[in-house]
Structure formats: structure tokens, C-alpha cells
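Protein chains: 2
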Amino acid sequence: MARAWTLASRPAGLPNDSNFAMVETPDAPLADGEFRVTNSWLSVDPYMRGRMNDAKSYADPFQLGEPMTGGAVGTVTDSRNADFPVGAKVLHMGGWRDSVVLGGGTTSPAGMPPVRLPELGVPDQHWLSVIGMPGGTAWFGLLKVAEAKAGEVVFVSAAAGAVGSTVTQIAKAKGMKVIGSAGGADKCAWVKELGADAVIDYKAGKVLPQLMAALNDLGETGIDVYFDNVGGEHFDAALATSREWARFAICGMIDVYNDFKAQPMQYLPMIIGKRVTIKGFLYPDFYAQVPEFNADMAQLITSGAVTGRETVKEGLEKTPEAFLGLFSGENTGKMLVKL
Amino acid sequence: MARAWTLASRPAGLPNDSNFAMVETPDAPLADGEFRVTNSWLSVDPYMRGRMNDAKSYADPFQLGEPMTGGAVGTVTDSRNADFPVGAKVLHMGGWRDSVVLGGGTTSPAGMPPVRLPELGVPDQHWLSVIGMPGGTAWFGLLKVAEAKAGEVVFVSAAAGAVGSTVTQIAKAKGMKVIGSAGGADKCAWVKELGADAVIDYKAGKVLPQLMAALNDLGETGIDVYFDNVGGEHFDAALATSREWARFAICGMIDVYNDFKAQPMQYLPMIIGKRVTIKGFLYPDFYAQVPEFNADMAQLITSGAVTGRETVKEGLEKTPEAFLGLFSGENTGKMLVKL
């Protein structure tokens with residue numbers, strides 16, 4: 040039997056347990072070209088919230104009653120496909136379930152074909168974190184979208200999250216000054232451990248005065264790059280402290296995913312005087328450059344410049360709980376489910 | 040005697056008459072290299088509001104008790120400079136006064152040296168409007184910042200203003216579809232006359248539903264380019280209706296110049312899903328490309344594709360009134376003072 044989490048109902052605002060239902064289906068025999076992957080690691084990510092709505096946001100919506108999809112790593116346990124033999128490790132989008140049939144005439148979950156894990160000497164679960172989608176989001180956003188350069192000042196929100204913690208480490212490895220924002224003393228301490236030059240605790244006070252104080256302490260007049268994971272107050276504070284020609288890479292606005300509520304923005308006119316460039320981006324826009332990212336990131340990992348940290352929940356049953364934890368800030372680093 | 044408007048006091052919020060004072064100074068004899076320009080046209084522009092504050096916004100602040108500066112066109116009436124002989128027509132920044140001494144050891148007002156008007160067959164006052172700074176702002180913003188292309192849908196706010204009316208005409212001349220926003224039936228009718236495919240009256244209702252209705256009428260699914268002159272509600276509506284890879288050229292946010300009040304923004308997360316690029320810019324960033332702009336614009340004017348329209352106040356006394364009129368929407372096209 041294969042077990043999978045399906046979308047039981049669409050949430051209004053913050054999702055809860057009632058939006059998910061587990062279904063069991065018997066294992067069907069494989070057709071030619073198909074192979075069965077038994078999952079060992081599942082990813083839960085903030086972008087999935089958008090797919091729970093009945094409207095295209097970043098990606099097509101999840102269908103009611105159908106298994107949800109998401110990044111997963113597993114091992115081929117049955118195969119009628121020579122490219123994916125038994126024992127091969129596979130990165131694919133058939134997450135939210137314990138096993139999945141891929142290849143042949145099946146439709147790839149989320150429209151993304153499975154790939155075999157390259158042999159780059161990194162632990163399996165890192166393919167869902169630092170060297171996977173969140174890590175790539177960090178790498179492409181910082182280096183390709185914002186074009187951050189050595190010596191520049193980078194401000195990153197949700198710096199203890201999967202993407203933000205990787206941004207912090209890449210930026211330090213590439214010679215930038217980093218100010219990270221995180222919620223609570225523990226997370227802030229960890230961001231500091233990652234190498235951030237200054238850390239702001241957004242739960243301890245307003246972002247803007249803390250950001251200005253951090254810049255002052257570092258002897259800097261403003262920020263050159265903002266890597267946005269949260270939107271709202273952080274985004275406004277970044278505008279307020281922009282230097283001329285600052286670049287913003289906008290990757291997530293978790294503050295506003297659950298309710299498209301109006302955010303009070305005071306410093307948008309800074310865009311003009313400082314000639315700020317603000318760019319939204321999505322990881323899939325950079326598929327063609329993933330090998331370049333993988334090669335650089337494997338080196339950063341094996342040299343110790345970047346360390347992957349994961350918050351792990353054990354067991355398929357915990358998948359909704361892991362996902363919901365993203366919105367209450369439960370994770371330090373990447374949130375994963377281990378099967 | 041030379042008469043000049045000085046900054047008498049710094050405004051809090053909307054400026055008024057008491058912020059300006061006229062002073063008279065005797066005409067000094069010219070030193071070597073100097074020349075006297077008797078002004079015939081003065082420009083008043085929204086960006087001057089920022090310079091009335093005691094803080095660098097786009098440009099250095101005006102100094103209390105000193106003559107204000109701004110674009111002006113005049114004729115050399117006295118000269119000890121062979122490059123600017125008596126009778127030469129000059130575009131310079133010594134506005135807000137009836138005559139000014141330039142060249143030699145004088146400091147160029149606003150740090151921008153005077154230039155002789157090129158012979159391109161356009162009326163003098165157009166050098167302060169369609170073929171001057173506002174026209175250049177339109178041309179560079181639309182074509183170089185937003186990189187608008189034939190067939191794309193361009194939304195422009197303040198489409199009856201100096202910059203917006205030129206954006207509308209350039210966009211039509213270059214094969215784009217244009218939706219303009221203006222305040223009141225008269226201005227809307229004029230924007231339609233300029234060639235806009237659809238016009239929104241922002242005084243008659245909310246921007247977003249009107250913009251969606253206009254797109255629907257034109258059979259379009261969204262906008263590709265937004266040329267922002269006002270910020271606030273227009274900016275939010277442009278985000279809400281962005282197509283993928285939309286580009287925003289942010290040139291002015293007149294809604295928020297007078298008070299840096301928080302604006303409620305609901306659609307910022309669209310930046311991510313639609314991969315919107317938002318860029319602030321200032322005309323001076325493009326000085327090196329002004330000859331290219333002048334050549335193209337002279338052709339657009341002489342071919343009849345772009346017509347300059349000016350709202351003219353007569354007499355130096357009316358300069359503050361003309362300036363204040365910008366914030367109550369008194370002008371259709373460029374606001375000028377004729378001496």
C-alpha cells in the first residue's frame with residue numbers, strides 16, 4: 040500500500056489539520072518505463088501555501104482529493120526503466136507520500152521530471168535544502184538576481200530559515216557584510232554562528248531602528264542588497280535604508296501568504312531617489328543554471344563554508360504538522376520530514 | 040535689477056505662499072567668461088518639492104534665503120563669453136528669476152552647466168517640456184528603464200501631466216497599447232485625444248476595478264509596463280494587474296511627496312509570482328544619452344506624433360502659484376511660467 044496526503048479542503052487564511060487527509064492506495068504493477076521510488080525525505084515549503092488556493096499563484100493549484108506534491112528524495116525499489124535502476128537515488132516532486140510511481144506514461148508530479156542525484160559527496164537530505172530548491176533560491180537570488188558583490192552590505196530577512204540561512208552563509212563566503220533578521224534569541228544566536236556581522240531580532244522590536252543601529256555599528260551608511268523572504272515591515276525598512284543603486288531580490292513574502300492584507304508601506308518613494316531595482320524571481324526560472332549552482336554549492340559545502348541545518352520531523356504522519364510549523368516559525372534552517 | 044524667488048521657510052506637508060519670498064538684487068557688471076541670460080520661460084516641477092526639505096532627496100536641498108533653481112530658457116543679453124554671445128538661446132537651471140549671470144567663475148545653478156539650444160526646429164518652451172527634462176523622463180523611463188516594446192500594454196498614471204502625456208504619445212508612436220489615468224473628465228478627454236486606447240478617471244472611482252475593466256475592454260489579460268508618476272493606489276493596482284515579467288519605471292510618487300505617510304499596499308507579493316521588475320530612475324542618470332533622445336524626440340514632434348501642451352502662467356509673480364498648482368492637479372501637460 041502507498042500512503043499519500045491529499046488536499047481535503049482549501050484553507051481560508053492560515054491552514055490547519057482539517058485541510059489534509061491521508062489516503063491509501065494499493066501498489067499497482069509497473070508498466071514499461073515506470074519505476075517505484077520509496078521516499079526517505081520529504082520537503083515542506085512556504086510556496087505550497089499558494090498552491091492550496093484555487094488560483095494559480097506561483098504554480099498550478101493542488102487539486103482537491105488528489106495527493107499533494109513537493110520535493111522528495113528516495114530510492115528506486117522497483118523498476119522497469121534502465122535509467123532509474125533499483126537502488127538509484129532520485130530527487131523528484133512526488134512528496135507528501137511514502138512512495139510514488141514515476142516514469143513511463145505517468146505524469147511527473149508538479150510537471151517536473153525526476154532526476155538522479157549527482158555524485159557530489161553531500162548528504163541526501165541536503166538535496167532538499169542547501170543544494171536543493173531553497174539553497175538554489177538563495178544562490179540565484181543573491182548572485183544572479185541581486186548581483187551582490189564582495190564588500191557590499193546584504194540585509195536578509197528570515198535569516199534562520201531554509202533560504203535565509205543559506206543566503207547568509209553564501210554572502211559571507213563571497214566576501215559580503217551580512218545583517219540578518221530572525222525571530223527570537225535562539226535563532227538570532229544561530230544566525231550569528233553562521234557568520235552574520237549583525238543580527239536583528241524582529242520579535243524584540245521594530246525592524247527599522249534595529250537595522251539603522253546595526254548599520255551604524257558596522258560603520259555602514261546603508262544596504263546595497265536586500266534578500267526578501269517576508270515582505271511587510273522588513274521590506275519597508277530595507278527601502279528606508281537603501282543606498283543608491285540598491286538591488287532587492289524578492290523571493291517570498293511569508294507575512295502575506297495567508298491573507299492578502301494591505302501592508303502599510305512608508306518608504307516606497309526611496310525607490311526613485313536611490314534608484315532601487317526590485318526584482319521578483321522563482322527558482323524554476325533558473326533551471327538551466329542549476330548545474331552551475333550545484334557545482335559551486337557542493338564546493339561551499341565540502342569546504343565547510345556552508346553547512347546545511349535541518350529541522351526534522353519523523354514519520355509521514357507529521358507532514359502537515361511540519362508544513363504548518365513554517366508559518367509559526369518552528370523551523371531553524373530547512374524543515375524536512377524523515378520517513 | 041534682477042528679481043528672484045527665494046526659499047523663505049521650509050514647508051511641513053503641502054507648501055504655500057509663505058514659503059517663498061521675492062528679492063531684488065542690482066545687476067553686477069560681468070567678469071571675464073560670464074554672460075547674462077534674460078529668461079523667457081521658467082519651469083516648475085514636482086521634484087522641487089523634495090528640494091524644499093532640509094534633507095537630500097533626489098538633489099541637494101534649496102538653501103533658506105537663497106534663490107531657488109530650476110529649468111529655464113532665456114536669451115543672452117550681455118556677454119563676456121564667446122561661446123554664449125548676445126542673442127544666443129540658452130537652456131539652464133537658473134530659473135525662479137527673471138535674469139541670471141552664468142559662466143566664468145559662477146557656480147552653475149543646481150550644478151548643471153548651461154547649454155545652447157540645439158537647432159532642431161522646435162519652439163523654445165518645448166525645451167522645458169516634451170524635448171526637455173519631462174519629455175526625457177518619459178522617453179528614458181519608457182524605452183530604457185521599462186524597455187517597453189511594440190505590442191505591449193503600457194499603463195501610465197498622471198497621463199495628463201507633463202511626463203505622463205509624453206509617455207502616452209511616445210508609446211502610441213512606438214506601437215504600444217496605452218491605458219492612461221487622469222483626474223477629471225477634461226483631462227481624461229485630452230488623454231484620449233493624445234491617442235490612449237483607454238482612460239481611467241481616478242477621481243471618479245477606485246483605480247483597480249477601472250483598470251481591470253479597461254484591460255477587459257481591450258481584450259488584454261494584464262499590463263506589461265507601468266510608468267509610475269504617482270505611487271500609492273495606482274502602484275498597487277498596477278501590481279495587481281501585472282502580467283509575467285512586467286517592468287515598472289518609477290519616476291515620481293506625487294501622492295507621497297508632501298507627507299511620507301504610509302500607503303496601504305495589498306499586491307506587493309505579485310512581484311514574486313509575476314517576476315515583476317521595479318526600477319527607480321532620475322533624468323540625470325541618462326545625461327550621456329540626451330542627444331539620442333533629442334534627435335528622436337525632434338522627429339516625433341516635427342512629424343506630429345508628439346505634441347507639446349503647456350499650461351502657462353504669465354509673469355514671474357505667478358511662479359509659486361504655478362508650482363503649487365502641480366499638487367492640486369491644475370496643469371494639463373507641462374506647467375510653465377512665461378516672462
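Protein chains in written order, with the working numbering: chain C, 40 to 378; chain X, 40 to 378. Each residue gets a CB set at the ideal place from its N, CA and C atoms; glycine is no exception.
Assuming residue i is part of the alpha helix (DSSP H), what are its boundary residues?
i, result
"Ser204 (chain C)", "Ala201 to Ala212"
"Leu141 (chain X)", "Per DSSP, Leu141 (chain X) belongs to no alpha helix (DSSP H); it is in the beta strand (DSSP E), Ser138 to Gly142."
"Phe179 (chain C)", "Taken as a continuous stretch (DSSP letters only), Phe179 (chain C) belongs to no alpha helix (DSSP H), as it is neither H nor E."
"Gly261 (chain X)", "Careful: Gly261 (chain X) lies outside any alpha helix (DSSP H) and carries neither H nor E."
"Thr108 (chain X)", "Here Thr108 (chain X) belongs to no alpha helix (DSSP H), and DSSP marks it neither H nor E."
"Thr45 (chain C)", "No alpha helix (DSSP H) contains Thr45 (chain C), which is instead part of the beta strand (DSSP E) from Ala41 to Leu46."
"Trp229 (chain C)", "Ala224 to Glu232"
"Gly364 (chain X)", "Thr358 to Gly364"
Tell me where the beta strand (DSSP E) around residue i begins and ends.
i, result
"Thr116 (chain X)", "Ala111 to Ser118"
"Met91 (chain C)", "Per DSSP, Met91 (chain C) belongs to no beta strand (DSSP E) and is neither H nor E."
"Pro54 (chain C)", "Unbroken run through Pro54 (chain C): none, as it is neither H nor E."
"Ile218 (chain C)", "Lys216 to Ala221"
"Asn370 (chain C)", "Asn370 (chain C) -> no beta strand (DSSP E), and no H or E assigned at all."
"Met304 (chain X)", "Gln302 to Met304"
"Thr350 (chain C)", "Glu349 to Glu353"
"Asn255 (chain C)", "Taken as a continuous stretch (DSSP letters only), Asn255 (chain C) belongs to no beta strand (DSSP E), being part of the alpha helix (DSSP H) at Val246 to Asp256."
"Asp240 (chain C)", "Ala237 to Asp240"
"Leu339 (chain X)", "Element bounds for Leu339 (chain X): not the beta strand (DSSP E) but the alpha helix (DSSP H), Val329 to Thr341."
"Ala288 (chain C)", "Ser281 to Ile289"
"Gly319 (chain C)", "Thr316 to Gly319"
Counting only Cβ pairs nearer than 7 Å, list the residues of chain X close to residue i.
i, result
"Asp93 (chain C)", "Chain X residues near Asp93 (chain C): none, gap ~15 Å exceeds 7 Å."
Exposed or buried, residue i, counting other C-beta atoms within 10 Å across all chains shown (16 or more means buried)?
i, result
"Tyr326 (chain C)", "exposed"
"Ser138 (chain C)", "buried"
"Thr371 (chain C)", "buried"
"Val125 (chain X)", "exposed"
"Asp267 (chain C)", "buried"
"Gly190 (chain C)", "exposed"
"Val238 (chain X)", "buried"
"Lys245 (chain X)", "exposed"
"Trp166 (chain C)", "buried"
"Gly271 (chain X)", "buried"
"Ser342 (chain C)", "exposed"
"Pro152 (chain C)", "exposed"
"Glu349 (chain C)", "buried"
"Ala121 (chain X)", "exposed"
"Trp284 (chain C)", "exposed"
"Asp225 (chain X)", "exposed"
Taking the CB atoms as reference points, tell me whether residue i and residue j lie closer together than 8 Å.
i, j, result
"Ala198 (chain C)", "Gly175 (chain C)", "no"
"Val50 (chain X)", "Met91 (chain X)", "Looking at the sequence itself, residue 50 (chain X) is Pro, so the reference to Val does not match. Contact flag set, yes."
"Leu363 (chain X)", "Pro54 (chain X)", "yes"
"Ala111 (chain C)", "Gly89 (chain C)", "no"
"Val192 (chain C)", "Thr207 (chain C)", "no"
"Leu181 (chain C)", "Ala201 (chain C)", "no"
"Val264 (chain X)", "Met292 (chain X)", "no"
"Arg136 (chain X)", "Trp80 (chain X)", "no"
"Lys318 (chain C)", "Ala288 (chain C)", "yes"
"Lys242 (chain C)", "Gly222 (chain C)", "yes"
"Asp240 (chain C)", "Cys227 (chain C)", "yes"
"Leu159 (chain X)", "Ala344 (chain X)", "no"
"Asp84 (chain X)", "Gly109 (chain X)", "yes"
"Gly150 (chain X)", "Gly72 (chain X)", "no"
"Met215 (chain C)", "Ala252 (chain C)", "no"
Using a Cβ cut-off of 9 Å, pull out every chain C residue sitting near residue i, in sequence order please.
i, result
"Asp324 (chain X)", "Arg314"
"Leu307 (chain X)", "Gly270, Gly271, Phe274, Ile289, Met292, Val295, Gln302 and Met304"
"Gly214 (chain X)", "Within chain C, no residue comes near Gly214 (chain X); the closest Cβ sits about 26 Å away, beyond 9 Å."
Applying a beta-carbon distance threshold of less than 8 Å, which residues of chain C neighbour residue i?
i, result
"Phe101 (chain X)", "Going along chain C, no residue has its Cβ under 8 Å from Phe101 (chain X), so there is no contact; the nearest lies around 16 Å."
Please list the partners that residue i has in chain C, where partner means a Cβ-to-Cβ separation under 7 Å.
i, result
"Ile310 (chain X)", "Ile289, Ile317 and Gly319"
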